[in-house]
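This report concerns only the one structure given below.
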Amino acid sequence: MGAVLGVCSLASWIPCLCSGASCLLCRCCPNSKNSTVTRLIYAFLLLLSTLVACIMLAPGMEKQLKKIPGFCMNYDCEALVGYRAVYRISFAMAVFFFIFSLLMIQVKSSRDPRAAVHNGFWFFKIAAVVGIMVGAFYIPEGPFTTVLFIFGTTAAFFFIVIQLVLLVDFAHSWNESWVERMEEGNSRCWYAALLSCTSLNYILSFIAIVLFYVFYTKPDACSENKFFISFNMIVCIAVSITSILPKVQEHQPHSGLLQSSVITLYTMYLTWSAMSNEPDRNCNPSLLNIISQIAVPTSSPVNTTAIVPTLEPQKSPQWWDAQSIVGLIIFVLCLLYSSIRSSNNSQVSKLTLSGSDTVILDDTPTAGGDAEEGEVRRVLDNEKDAVQYSYSFFHLMLFLASLYIMMTLTNWYSPDAETQTLRSKWPAVWVKIASSWVCLLLYLWTLVAPLVLSNRDFS
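Sequential numbering of the sequence shown, starting at 1, is according to this note's numbering.
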């Protein structure tokens, strides 16, 4: 009897999976908005593909991948098979989101027939993703991974910039929320909380700078690292001072040290991530090596030969390295934030709405979007008058995110044709450090733009 009920229940989901319905399992969905549910499902698909890519790097997985015809020919399967599997999974997701980005250009409301494709037909879209993934594993090697590495590096650069916009938006929202509560009552408590969080971010940034100088520089070497650390530190100090200048505060009353502290901490992460990809292993110690040096008692004689980092090339990408884990955490938080964030007056809405869109961003569902009593569909259509975000740009962001995940899981390593191993190379270092400079310049521009362009309304 239970099996019969289960089949009947599954049958009730079929219209949701194969039609323009907004939710995968209509009867199980909470009462929510069309724009939010759709973004969360796409984010879940990307996170699910990320999990599959992580599984490809698991020990012993190469034995299963060897069974794919032609996938392990002419190279050391154990060294590179997981790396190439991650590339093909990420390539499949990137192709899927890029096609949807082109398909959804200039969709203005849910009345557009293409909006039904964006918000529904989940069975066919999932089947398409699986089909592209399976087909990607049969792509001949040739220059495939080398070309995809170049595309992935470029796309990851732009996604890091998008992460900055999301972080700035989060910091602004955080600051505004606590300032409003501070003005409403119990000002000392909220002021102390605001000061504590700001101080914590700056303290962590200062500790990071000290550790960078200790472990990623040498007295007579590592000049690039010394420049990266010193330059980014000076710019972060300059940006922080700029954010509290009287002229800036006059035009940007909501700017402050909390936002600057978040940007400073994020810049320190990008600096560390860049130095972690430096080819010279003497200037790029592993996290295990750093921990071993810290753990050695100062009173005990130190065996320096035991803690010198190995100069052997990396045999296989280890996605559980510290920088990869931090990168994945930041990626997941930014992806979920961009999917859940209310669109009212946020940097997210400014990022995802094109300049020609003149819609009023309001998360309150329209009268026509209310679900009728007894209706199976529980997701409210709040986009009948105008879309709450640009469908095309949202898919473009997920396209960039797919390639960013590809680079993160493989530690930005590129294949070496001669040694059949994976190596860190300088292009990855410069892309990351350049992205940190672009992030700082963009944030600085948000502070000074109202002063420079006084005739424009930045409210």
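Here a beta-carbon is modelled for each residue, glycine too, at the ideal position from N, C-alpha and C. Please read these numbers as outputs of a predicted model, since none were measured by experiment.
Here His254 is exposed: its Cβ has fewer than 16 other Cβ atoms, across all protein chains shown, within 10 Å. Counting every other CB atom within 10 Å of its CB across the protein chains shown gives Ala155 a total of 16 or more, marking it as buried. The alpha helix (DSSP H) runs of length 4 or more contained entirely in the region 101-171 are, from start to end of the chain, 113-119, 122-136. With distances taken between CA atoms, Val168 lies nearest to Thr446 out of Thr446, Pro450, Leu451.
Val107 sits close to Val387, with the two beta carbons spaced by under 8 Å.
Annotation: the continuous alpha helix (DSSP H) that includes His251 extends over 246-251.
Here Ser101 is near Phe399, since their CB atoms are less than 8 Å apart. The region 257-275 and the region 203-219 touch, with no fewer than 3 CB-CB distances between them shorter than 8 Å.
In terms of Cβ geometry, Ser402 and Met93 form a close pair [threshold 8 Å]. Here Ala221 carries a strand assignment [DSSP, helix/strand/coil].
Of the other Cβ atoms in all chains shown, fewer than 16 fall within 10 Å of the Cβ of Arg188; this residue is therefore exposed. For Gly327, the uninterrupted alpha helix (DSSP H) segment begins and ends at 322-340. Pairing Pro279 with Lys125 gives a Cβ-Cβ distance that is not under 8 Å. Taking a C-beta distance under 8 Å as the contact criterion, Met268 and Ile325 do not qualify as a contact pair. Residue range 391-409 is occupied by the alpha helix (DSSP H) that includes His395. Between the alpha carbons of Arg88 and Phe144 lies a distance of about 10 Å.
A residue is called buried once 16 or more other Cβ atoms fall within 10 Å of its Cβ, and Ile433 is buried on that count.
Contact annotation: Ile229 and Phe215 have beta-carbon atoms that are not nearer than 8 Å.
For Leu200 and Leu194, the gap between their C-alpha atoms comes out near 10 Å.
Assignment of Ser243 by DSSP, reduced to helix, strand and coil, places it in the helix class. Note that the C-beta distance between Thr242 and Leu444 is below 8 Å. In the DSSP annotation of this structure, Cys283 is not part of any alpha helix (DSSP H), being labelled neither H nor E. Scanning its chain for C-beta atoms nearer than 6 Å, with the 5 sequence neighbours on each side dropped, one finds around Ser414 the residues Phe149, Lys425, in chain order. One thing to note: Ala171 has its Cβ within 8 Å of the Cβ of Gln259.
Secondary structure at Ser424: coil, using DSSP grouped into helix, strand and coil. Nearest C-alpha to Ser196 among Glu184, Ser273, Trp178: Trp178. At the C-beta level, Cys439 and Val161 come within 8 Å of one another. Gly256 counts as buried, since no fewer than 16 other beta carbons sit within 10 angstroms of its beta carbon. Buried is the label assigned to Arg39, since at least 16 other Cβ atoms lie within 10 Å of its Cβ. Taking the C-beta atoms as reference points, Met104 is found no nearer than 8 Å to Ser339. In the displayed model, Ser255 falls within coil according to three-state DSSP, outside both helix and strand.
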